[in-house]
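What follows is one structure encoded as structure tokens, with my remarks underneath.
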Amino acid sequence: MKLRAVGSFLVGLLVVGLVLSSTPADAAPKYRWKLAMTWPTNFPIFGDAVIKMADMVKSMSNGEMEIRIDSKNKHKAPFGILDMVKSGRQYQMGHSASYYWKGKDLNTMPFTTMPFGMTAPEQYAWFYYGGGMELMKKTYDKHGVYSFLGGNTGNQMGGWFRKEINDLDDLKGLKMRIPGFAGEVLSKLGVVVTNIPAGELYTALDRGTLDALEWVGPSLDIKMGFHKIAPYYYTGWHEPATELQFLVNKDKFNSLPKHLQKILTTAMQYAAYDMYTRSYHDSAIHWAAIKKEYPHIKVRTFPKSVIKRMKAENQKLLVEKSATNSEFKAIIDSQSAYMKKVREWTRISDFSYLQDNLE
Ligand code: CA
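For the sequence shown, the positions run 13 to 371 when the working numbering is used.
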């Protein structure tokens with residue numbers, strides 16, 4: 013009897029010890045969320061930003077909140093993120109790009125990037141201090157979700173072309189994959205615009221279904237193999253600062269305790285910033301390697317006559333769409349007014365510096 017009592021006392025001590033020694037991080041999380049992203053499993057840079065955000069939330073909350081990530085391989089709806097987060101049934105949050113819903117709500121499009129628009133530092137300044145976040149919140153309010161910045165690719169390249177573009181005639185009948193507002197602009201110049209999913213792009217280019225396409229830039233392009241078929245690599249005009257986004261169901265966000273709201277918001281903002289610097293780094297490193305490994309790639313800039321027409325058609329389209337949509341007009345007006353102001357600073361700072369010091 014006595015021995016048994018000592019035994020159970022020791023077992024009791026062990027249990028207490030285990031309970032005391034377990035840190036809160038070992039305890040089951042109080043909030044288990046799920047995030048759906050547009051990107052496939054193990055997608056570099058974009059997917060890494062999401063993982064970084066979820067890791068930060070877990071450690072900063074001491075394990076109180078955990079976010080599981082589902083890639084498009086799992087949920088099978090890469091362009092259905094807004095709807096899934098809106099319903100909040102399976103996913104409390106998502107990671108995607110705002111211009112993917114332009115068919116559903118045109119006004120979400122300018123929050124990714126616009127042709128001839130702001131560069132990444134200019135656009136970040138607009139979002140955080142120039143009224144951009146407030147406008148984006150207003151646009152997404154009616155969908156029942158909050159939208160946060162989700163990482164920037166930086167300036168995207170104008171795409172891979174099989175043949176050189178010397179004048180406007182070279183664009184007529186050219187079959188090109190290019191999404192967003194830029195696609196609408198190019199179709200005014202006679203380009204046959206299509207939007208083929210990423211996995212089929214190489215084959216389409218190889219078989220001549222496409223004569224040209226744009227993807228991102230050196231950070232993500234080279235492993236797609238486009239340079240093997242289309243050696244002309246054009247500089248960008250159409251996506252100067254592509255910002256991805258985190259979407260969070262409003263009710264779910266509001267039901268989080270205040271400190272977790274703060275942790276989540278901070279983690280998203282950090283992950284976005286980190287993705288921008290990572291994109292810049294990977295572009296630099298990859299471009300150095302590409303130049304060495306594939307010397308046949310020819311970097312080109314579109315002729316002035318082509319750029320001039322693109323700009324004119326872009327402007328015309330903006331005016332056309334603004335005439336019937338006051339919310340779109342308010343966003344575009346805010347962006348162009350801000351760009352006008354901020355560009356003067358860019359001109360006498362980074363631009364002057366580079367112009368004077370490029371070797
Ligand atoms: Ca692109």
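A virtual CB, placed ideally from N, CA and C, is assigned to each residue, including glycine. Bear in mind that the values here come from a model prediction, so they are computed numbers and not experimental data.
The DSSP-derived three-state label of F258 is strand. Look at G106 here: in three-state DSSP terms it is strand. Shortest Cα-Cα distance from H308 to any of Y152, R174 and E146 involves R174. In its chain, beyond the 5 residues on either side, W138 have a beta carbon closer than 6 angstroms to the beta carbon of G144. Assignment of W299 by DSSP, reduced to helix, strand and coil, places it in the helix class. From the listed residues K84, P243 and L198, the smallest Cα separation to A324 is found for L198. Short note on E251: C-beta closer than 7 angstroms to some heavy atom of ligand 1.
In the DSSP assignment, G195 falls outside any beta strand (DSSP E) and within the unbroken alpha helix (DSSP H) covering G192 to K200.
Cβ atoms of V157 and K98 come within 8 angstroms of each other, at about 6 angstroms.
Considering only K46, K70 and W45, the residue with the shortest C-alpha distance to A39 is K70.
Annotated three-state conformation of V205 is strand, per DSSP. For M49, the uninterrupted beta strand (DSSP E) segment begins and ends at Y43 to M49.
Contact between the stretch 280-297 and the stretch 179-186 is absent: fewer than three C-beta pairs spanning the two stretches fall below 8 angstroms. Taking 8 angstroms as the cut-off, the beta carbon of M169 is found no closer than this to the beta carbon of T289. In the structure shown, the three-state DSSP call for K114 is coil. Separation of A66 and M130 (C-alpha to C-alpha, rounded to the nearest whole angstrom) is 29 angstroms. Secondary structure note for V97: its alpha helix (DSSP H) is the uninterrupted segment I93 to S99.
Look at V228 here: in three-state DSSP terms it is coil, with no helix or strand label. For R189, the enclosing beta strand (DSSP E) begins and ends at K187 to R189. DSSP places I343 within a helical segment (H, G or I) once states are collapsed to three. Excluding five sequence positions before and after H250, the CB atoms of its chain that fall closer than 6 angstroms to its own CB belong to P127 and A194, given in chain order.
When secondary structure is reduced to three states using DSSP, I81 falls in the strand class. Shown here for G166: same chain residues with a beta carbon closer than 6 angstroms to its own, the five before and five after excluded, namely A132, S291 and Y292 in chain order.
Rounded to the nearest whole angstrom, the C-alpha separation of Y43 and R80 is 11 angstroms. Around the Cβ of W172, a 10 Å sphere holds 16 or more other Cβ atoms; the residue is buried. In the structure shown, N369 falls within a helical segment according to DSSP collapsed to helix, strand and coil.
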